[in-house]
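>
Residue numbers (my numbering): 16 to 103.
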């Protein structure tokens, strides 16, 4: 994905080493698992916070995109969206 993104955007691409986003399907949405989900997501959130202001966030997983949207002011895109934008 990083190589493809670099070729499409013709700019620097950084693959974040974040492990799990904490959502894991419906896991993070369960009331009794929510706090754990936030703890797992913290590494991802910290790395996103350290990106330059105009950075686009690409996340393939539906759960990951929901988690990022719910816990930040960002709207991450799926790789297919980045591809579609490059074709227009």
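C-beta: ideal position from N, C-alpha, C; glycine also.
In terms of alpha-carbon separation, which member of 84, 45 and 76 lies closest to residue 63?
Ranking 84, 45 and 76 by Cα distance to residue 63 puts 84 first.
> From residue 16 to residue 100, what distance separates their C-alpha atoms?
Taken atom to atom, the span from the alpha-carbon of residue 16 to that of residue 100 is near 15 Å.
> Under 8 Å, with one C-beta from each stretch per pair, do the region 88–102 and the region 48–57 reach the 3-pair mark?
no
> Is it buried or exposed, residue 105, if we count other Cβ atoms within 10 angstroms and call 16 or more buried?
Outside the displayed span of the chain (16 to 103) sits residue 105, for which this structure offers no information.
> Where does residue 66 land, buried or exposed, given buried means 16+ other C-beta within 10 angstroms?
Classification for residue 66: exposed.
> Report the three-state DSSP secondary structure of residue 48 (helix, strand or coil).
helix
> By a C-beta neighbour count over all protein chains shown, 10 Å radius and 16 as the cutoff for buried, is residue 38 buried or exposed?
buried
> Quick one: give me the first and last residue of the alpha helix (DSSP H) that residue 81 is part of.
77–86
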